[in-house]
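Engineer: Numbering-wise, my numbering puts 773 at position 117 of the sequence shown, and it's gapless, one number per residue. Just so you know, even glycine gets a beta-carbon here, dropped at the ideal spot from N, CA and C.
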Amino acid sequence: MAKGTLNLKKARILVTNDDGIHAPGLKVLEKLAKTLCDDVWVVAPETEQSATSHSLTLRRPLRERRLGPKRFSVDGTPTDCVLIAHHQIMADNPPDLVLSGINDGGNLGEDVTYSGTVAATMEAALLGFRAIAFSQLRDADGIVRWKVPEKFLPRIVRRVAGMPWSKDLLVNVNFPAVAPDDVTGIEICRQGRRDKGTSVTEGKDPSGRRFVWIGGYQVDTSKEADTDLAVTARGAIAVTPLHLDLTHRATMKKMQRIFD
Numbered sequence: 657m658a659k660g661t662l663n664l665k666k667a668r669i670l671v672t673n674d675d676g677i678h679a680p681g682l683k684v685l686e687k688l689a690k691t692l693c694d695d696v697w698v699v700a701p702e703t704e705q706s707a708t709s710h711s712l713t714l715r716r717p718l719r720e721r722r723l724g725p726k727r728f729s730v731d732g733t734p735t736d737c738v739l740i741a742h743h744q745i746m747a748d749n750p751p752d753l754v755l756s757g758i759n760d761g762g763n764l765g766e767d768v769t770y771s772g773t774v775a776a777t778m779e780a781a782l783l784g785f786r787a788i789a790f791s792q793l794r795d796a797d798g799i800v801r802w803k804v805p806e807k808f809l810p811r812i813v814r815r816v817a818g819m820p821w822s823k824d825l826l827v828n829v830n831f832p833a834v835a836p837d838d839v840t841g842i843e844i845c846r847q848g849r850r851d852k853g854t855s856v857t858e859g860k861d862p863s864g865r866r867f868v869w870i871g872g873y874q875v876d877t878s879k880e881a882d883t884d885l886a887v888t889a890r891g892a893i894a895v896t897p898l899h900l901d902l903t904h905r906a907t908m909k910k911m912q913r914i915f916d
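#1: Which residues in the same chain as L712 place their Cβ atom closer than 6 angstroms to its Cβ, once the five residues preceding and following it in sequence are excluded?
#2: Among residues of its own chain, excluding the 5 on either side of C693, which ones have a beta-carbon nearer than 8 angstroms to its beta-carbon?
#3: Go to F808, then tell me how far its alpha helix (DSSP H) extends in each direction, as first and last residue.
#4: Could you give the residue range of the alpha helix (DSSP H) that holds R913?
#5: So, with DSSP's three-state summary, where would you put L685?
#6: Pairing CB atoms from the stretch 837–846 with CB atoms from the stretch 680–693, are three or more of them under 8 angstroms?
#7: What number of angstroms, rounded off, separates the C-alpha of V816 from the C-alpha of L783?
#8: For R786, count neighbouring C-beta atoms within 10 Å of its own C-beta (all shown protein chains included) and say buried if the count is 16 or more, exposed if not.
#9: Taking C-alpha atoms, which residue in S756, G732, G761, W802 lies nearest to T703?
#10: Cα separation between E880 and A886?
#11: Excluding sequence positions up to five away, which residues of its chain have a Cβ less than 8 angstroms from the Cβ of W802?
#12: Can you grab the Cα-Cα spacing for the pair D760 / K807, in whole Å?
#13: Quick check on the DSSP output: the beta strand (DSSP E) that includes G757 runs from which residue to which?
#14: Only counting the same chain, and skipping five residues up and downstream in sequence, which positions put a Cβ closer than 7 angstroms to that of M657?
#15: Nearest-angstrom Cα distance between S706 and T769?
#16: Give the DSSP-derived three-state secondary structure of H710 in the structure shown.
#17: Provide the residue(s) that pair with V699 in DSSP beta bridges, ordered along the chain.
#18: Measuring straight from C-alpha to C-alpha, what distance separates N828 and S709?
#19: For the alpha helix (DSSP H) holding L670, just list the boundary residues, first then last.
#20: Report the three-state DSSP secondary structure of V634 (helix, strand or coil).
#21: So, helix, strand or coil for E766, using DSSP?
#22: Provide the residue span of the alpha helix (DSSP H) that contains L739, from first to last.
#23: Rounded C-beta distance between G762 and R849? I'm assuming under 8 angstroms.
#24: Using 8 angstroms as the threshold, is the C-beta distance between V696 and I745 below it?
#25: Pull up the distance between the alpha-carbon of T857 and that of R794, whole angstroms please.
#26: Would you tell me roughly how many angstroms separate the C-alpha atoms of G660 and D916, rounded to the nearest one?
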């Protein structure tokens, strides 16, 4: 069932990420969240957890550390952080909204299946919370600059909070690597798919032993204009609604006929 609109002034916000409690992007997101409401909590991984996807820590105990008022670190994954925030740290009054990021680098196309940033919002959606993931693309020099989210992120959160919210919904936002005045707009778009996958590099360590190193994606050459990849490439902010139900319904109907 769809939820109604959210009054941010009266809301409780949980901020998390996958780059870790000391990441610059988390500090920016926390600062911006506090412009939206007065009740902001931070529960983030103790160390970087990039590309951990939707993983849980099941075979060892987890420890949380209180770093300040409403500020905690957890020695686990982003998913662990959301669960511990819900069941322990904020158990008396769960969050109305979960904001994840701001990730150092984009989470576009198939990135969402690997991303700890997006995974935190997946867990929030499973728990029934509104959730938005934010990522900032790096520029040509590999540097992340935060001016675009500083200008546009609060506006996006306010707009999204003002819409009805369906069950199992999360929103993935990617900011382009341009100056704030060069942003061409905010576009609602679908998840893309790169033409080429992840690179794997082979080499030898100083002792002569062979290794392989999984690296970044190849340069995308996709011509599909309505994807998050294309939207950010032309200087716009990509806003993509995602859904946890992965069922391919067209194939399900075909399979039902096969097994009748």
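Structural biologist: The short version:
#1: T735
#2: Excluding residues within five positions, the ones whose Cβ falls inside 8 angstroms are L664, K665, K666, A667, R668, I669.
#3: 803–817
#4: 905–914
#5: DSSP places L685 in helix when its eight states are reduced to three.
#6: no
#7: Computed Cα separation, rounded: 19 angstroms.
#8: buried
#9: With distances taken between Cα atoms, T703 lies closest to G732.
#10: 7 angstroms
#11: P680, G681, V684, I758, Q792
#12: Spanning the two alpha carbons is a distance of roughly 17 angstroms.
#13: 753–760
#14: Low confidence applies here, because M657 scores a pLDDT of 46, under 50, leaving its location unreliable and the question unanswered by this model.
#15: Taking the CA atoms as reference points, S706 sits about 12 angstroms from T769.
#16: coil
#17: F728
#18: 14 angstroms
#19: It is not in any alpha helix (DSSP H) - L670 instead sits in the beta strand (DSSP E) that spans 668–672.
#20: Shown here, the chain extends from 657 to 916; a query on residue 634 therefore has no answer.
#21: In the structure shown, E766 sits in coil (DSSP, three-state: anything other than H, G, I, E or B).
#22: 734–740
#23: About 14 angstroms separates the two Cβ atoms, so there is no contact after all.
#24: no
#25: 22 angstroms
#26: 41 angstroms
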